[in-house]
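Counting in full-length UniProt numbering, the final residue of the sequence shown is number 163, and the numbers go up one at a time with none missing. Each residue gets a CB set at the ideal place from its N, CA and C atoms; glycine is no exception. None of the values given here were measured: they were computed from a predicted structure. Quick notes on the structure that follows.
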Amino acid sequence: MIESAIAWLLHLLAAPEVGLTSVFIISLISATLVPLGSEPAVFAVVKANPAMFWSVIAVATIGNTLGGAVDYWMGYQAKQSFAKERKSRWFHWLERYGAKTMLLAWLPGIGDPLCTLGGWLKLPFWPSIAYMAVGKLLRYLTMTSLLLYVPDGVWHRIGQMLG
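As structure tokens, then:
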């Protein structure tokens, strides 16, 4: 039953008419602590419809930033739940540089926990969100632009090897 539900969801998200919706959902989920990358979805939609480049980048940035805000909120709530805060070099670094550290929220592996730690330390919410958005926007622009420069023949060969 779960397999059929997952197959249905993936089929729905793959439908061309919901491309932006798919990008938003995948970008939001991938910014939480769930290990999922949103770049393939962003690239696929842009590759299928290059005229939507800026729309896709904007939707991915908004979804990923909202996911970062969820991480921030989880960290904030976790702080309320624990009586003692553990001090580490990460906490010291975040306290020292403040909301500007959220520019690094785009980094794979550490970006999402960084957002959670930002909430834990109660960094200013709106400046943190603004820095997250800038970092994530730059990531999507860079990754999607670089992937668009790869010739179509390479993607076709990769598809043949995988399929």
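Item	Value
Local conformation of L104 per DSSP, three classes	helix
C-alpha gap between V154 and L148, whole angstroms	11 angstroms
Residues of its chain near W54, where Cβ-Cβ distance is below 7 angstroms and the 5 sequence neighbours each way are ignored	none
Exposed unless 16 or more other CB atoms sit within 10 angstroms - verdict on S22	buried
Segment contact flag, the segment 58 to 67 with the segment 24 to 40, C-beta cutoff 8 angstroms, min 3 pairs	yes
Residue closest to K47, alpha-carbon to alpha-carbon, out of L20, W106, I129, L138	L20
CB-CB length for A69 against I129, believed under 8 angstroms	6 angstroms
Closest residue to V150 among M74, T32, F43 (Cα-Cα distance)	F43
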